[in-house]
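As given, the protein sequences belong to chains W and E, one line each in that order. Counted from 1, the first sequence has number 89 at position 89 by the numbering used here; the numbering is strictly sequential. Counting from 1 along the second sequence, just add 1000 to a position and that's the residue number in the numbering used here. A short write-up of the structure that comes next.
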Amino acid sequence: MCLWFVKLKGVEALSRSSSNIAIVESSQIVYEGLVNILIKSHQHYQLYRFDSIEEISATRINCKIDVIIVNPSLIQFNSKDCNTLKRINSSVHWVALVYSFYGKDILSQFDEIIQISDTSESINQNLSKLINSTPVEIESSQKEQLSERETDVLVQLVHGLSNKEIADKLNISIHTVMSHRKNISQKTGIKSQSGLTIYAISNKIISLDSLAL
Amino acid sequence: MYTIQRTYVKHEMKMAGLIFENPTLLLMMEHFDLGISSIQDKSIQQICTDNGISLQVYISFANLYNGFIPTGDEFKSKDELLSIIKFLSRSHQYYKNEKYPEIRGYISQLYANNEAEIIKLIEKFFDEYFSEVLEHLGYEDSIAFPYFNAIIESSIRVSTADNPFSANDYREHHTDIESKLFELKNLFIKHLSLKGDRSIHRKLLYSLFELEHDLNIHSLIEDTILVPLVREIERSRGIV
């Protein structure tokens, strides 16, 4: 059983919008150096270090790993684990971290190669290209300002009217009311009536006096 | 720029080193009924042996606090399941007796520099939220956990009619609790433009984030580890 792709609430909250990178590299110097270069990228990366590829598959970490950066010497004799991982999670990008000679047959298995002589710019450029090449859910960056009609609906909601009552009062369909409500909670991040009340008052959309509290 | 490097926890590691890396593990230890004095220079294995804690559960939960999600199928023994439940009920104490009162206290301090009417509404919002939380925790303490304990401890068959527990209700409660907390953070950060003592605003928000972090882990343990295991036991005894 592998939960790599199960979207878990907690994980989402812990690592939303960041890319998870697993690094398998035995040299401390190389590892630290790579980490420092990745930090310079100003990208939101979560880095996890592993001693071996087996460890990744054995521990079954379920936070979704996006990229595995690995020293090919560590998988050369261990292509079985590597293949299992590839099968389980085909969306992982495999990056080789190369500082000695490897045959083409080995390197061709990787999506990207980092050479020890690469500049930090090119490493980060290639990495972000790799990660962005996966279609990610684009979070809508719409304006948070409520439209006039949404504000009308908000006011009625805060006064405790039901969807049906709001529809009648504003002369729109229930369906439209619901879609306005959806937009309101998306834009404000608030769903509950009491939360919306606080929102409306602090934004001076309604006055306290107009509410019979 | 934002990086977190966290270690995958293993039994031979020193607890002190892990805490330097991720201090929230201290809170986890508290939920295991362990204080700072139990850390010293000990490895995880030693700490667990000294205190009679299931090593497997401890390691999995430490990894959870470090961001690695266990699958749950590593727990099978009765003692492991019982210690998971104990862990969860101890965290209830932390929410009830510490975290919520703390947040409530910070909200009251907002009166000094902000419109009383608005703060009053926030207090009302928070109190309603808190009473929902209490209700849910109470349901777990008085219905769900005793039922889990009974079903784990004994081989007694419980008939479907007597089964007081619904996994769906359970998950829904969690979602409600988390979404209200999300609303609160949104109100404070995006909408309220609070005035006055900044250090109180920061403490208030830190508290909310700390609470949220622990609640996330809490419901993750319940929804993805505990409940599926209980379901499995139920199925094996023909209860469901």
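From the three backbone atoms N, C-alpha and C, an ideal C-beta is built for every residue, glycine too.
Between the options, which has its C-alpha nearest residue i's C-alpha?
| i | options | result |
| --- | --- | --- |
| W:ASP111 | W:SER128, W:SER100, W:SER120 and W:SER117 | W:SER128 |
| E:SER1091 | E:LYS1180, E:ARG1202, E:PRO1070 and E:GLU1210 | E:GLU1210 |
| E:GLY1067 | E:GLU1021, E:HIS1136 and E:LEU1181 | E:GLU1021 |
| E:THR1224 | E:ALA1112, E:SER1154, E:HIS1174 and E:GLU1212 | E:HIS1174 |
| E:GLU1030 | E:LYS1086, E:THR1007 and E:ASP1041 | E:LYS1086 |
| E:LEU1034 | E:PRO1023, E:ILE1047 and E:THR1024 | E:ILE1047 |
| W:VAL67 | W:ASN126, W:HIS44 and W:ILE131 | W:ILE131 |
| E:LEU1110 | E:SER1154, E:ASP1197 and E:PRO1146 | E:ASP1197 |
| E:GLU1172 | E:VAL1133, E:ASN1149 and E:LYS1099 | E:VAL1133 |
| W:TYR102 | W:HIS93, W:SER91 and W:ILE114 | W:ILE114 |
| W:GLU144 | W:ILE184, W:LEU196, W:GLY33 and W:LEU74 | W:ILE184 |
| W:GLU121 | W:VAL30, W:SER41, W:ASN36 and W:LEU34 | W:SER41 |
| W:TRP94 | W:LYS182, W:ILE106 and W:VAL70 | W:VAL70 |
| E:THR1007 | E:ALA1062, E:ARG1202 and E:SER1083 | E:ALA1062 |
| E:ASN1051 | E:ILE1069, E:PHE1032 and E:HIS1201 | E:PHE1032 |
| E:GLU1232 | E:GLU1212, E:GLU1012, E:PHE1075 and E:LYS1010 | E:PHE1075 |
| W:GLU150 | W:LYS164, W:LEU170 and W:SER108 | W:LEU170 |
| E:PHE1125 | E:SER1142, E:PHE1182, E:ILE1069 and E:GLU1140 | E:PHE1182 |
| E:LYS1099 | E:LEU1088, E:SER1089 and E:GLU1212 | E:GLU1212 |
| E:PHE1145 | E:GLU1123, E:TYR1170 and E:ILE1122 | E:TYR1170 |
| E:VAL1009 | W:SER162, W:ILE65 and W:ILE56 | W:ILE56 |
| W:GLU194 | W:LEU211, W:SER179, W:HIS180 and W:GLN186 | The identity of residue 194 of chain W in the sequence shown is Ser, whereas the question assumes Glu. When only C-alpha atoms are compared, the closest one is W:LEU211. |
| E:LEU1088 | E:SER1199, E:ILE1036, E:MET1028 and E:SER1037 | E:MET1028 |
| E:TYR1106 | E:SER1037, E:TYR1139 and E:HIS1201 | E:HIS1201 |
Throw me the rounded Cβ distance for the residue i and residue j pair, which I believe falls under 8 angstroms.
| i | j | result |
| --- | --- | --- |
| E:LEU1208 | E:LEU1184 | 6 angstroms |
| E:ALA1016 | E:ILE1044 | Contact flag wrong, Cβ pair sits at about 11 angstroms. |
| W:THR188 | E:HIS1191 | 7 angstroms |
| W:VAL158 | W:ILE206 | 6 angstroms |
| E:LEU1025 | E:ILE1103 | In fact, because the Cβ distance is near 22 angstroms, the residues do not count as touching under 8 angstroms. |
| W:LEU97 | W:LEU34 | 7 angstroms |
| E:ILE1118 | E:ILE1221 | The pair is not a contact, with the Cβ atoms about 36 angstroms apart (cut-off 8 angstroms). |
| E:ILE1177 | E:LEU1215 | 7 angstroms |
| E:ILE1069 | E:HIS1011 | Contact doesn't hold; Cβ gap of about 19 angstroms is too wide. |
| E:ILE1122 | W:ILE198 | 6 angstroms |
Once you ignore the five residues that flank residue i on each side, which residues in its own chain have a CB closer than 6 angstroms to its CB?
| i | result |
| --- | --- |
| W:ARG49 | ILE23 |
| E:ASN1113 | LYS1195 and GLY1196 |
| E:LEU1064 | ILE1217 |
| E:LYS1180 | TYR1129 |
| E:LEU1241 | Nothing can be reported for residue 1241 of chain E, as the shown portion of chain E is limited to 1001 through 1240. |
| E:VAL1230 | PHE1148 |
| W:PRO135 | Unreliable positioning characterises W:PRO135 in this predicted model, as indicated by a pLDDT of 45, which lies under 50. A coordinate reading is not provided. |
| W:TYR99 | ILE116 |
| W:ASN203 | none |
| W:PRO72 | ALA96, TYR102 and ILE106 |
| W:MET1 | With a pLDDT of only 24 at W:MET1, under the threshold of 50, the placement of this residue in the model should not be trusted; the figure read from the coordinates follows. If we look at W:MET1 and ignore the five residues flanking it on each side, it has no Cβ neighbours. |
Per the DSSP calculation, residue i is bridged to which residue(s)?
| i | result |
| --- | --- |
| W:ILE113 | W:ALA96 |
| W:VAL67 | W:ILE21 and W:HIS93 |
| E:LYS1014 | E:SER1043 |
| W:TYR48 | W:ALA22 and E:ARG1006 |
Less than 8 angstroms between C-beta atoms, sequence neighbours within five positions excluded: which residues of the same chain meet that for residue i?
| i | result |
| --- | --- |
| E:GLU1080 | SER1054, GLN1056 and VAL1057 |
| W:GLU148 | none |
| W:ILE138 | In this prediction, W:ILE138 scores a pLDDT of 45, lower than 50, which makes its location untrustworthy; no coordinate-derived value is stated. |
| W:ALA167 | SER173, ILE174, THR176 and VAL177 |
| W:ILE37 | SER120, ILE123 and ASN124 |
| E:LYS1078 | ILE1152 and GLU1153 |
Does any heavy atom of the ligand GTP sit closer than 8 angstroms to the C-beta of residue i?
| i | result |
| --- | --- |
| E:LYS1078 | Within the structure as shown, the ligand GTP is missing, as the structure has no ligands at all. |
Excluding the 5 residues preceding and the 5 following residue i in the sequence, name in chain order all residues of the same chain whose CB lies nearer than 7 angstroms to its CB.
| i | result |
| --- | --- |
| W:TYR52 | Residue 52 of chain W is actually Ser in this sequence, not Tyr. Hits under 7 angstroms: VAL24 and LEU74. |
| W:PHE201 | As written in the sequence, residue 201 of chain W is Ile, which differs from the Phe given in the question. The residues are LEU208. |
| W:LYS164 | ILE174 |
Task: Unbroken stretches of the alpha helix (DSSP H), 4 residues or longer, contained in the segment 1150-1237 of chain E - done: Correct list: 1167-1186, 1198-1220 and 1227-1236.
Task: Runs of alpha helix (DSSP H) wholly within the segment 155-182 of chain W (minimum 4 residues, chain order) - done: Whole alpha helix (DSSP H) segments, 4+ residues: 163-170.
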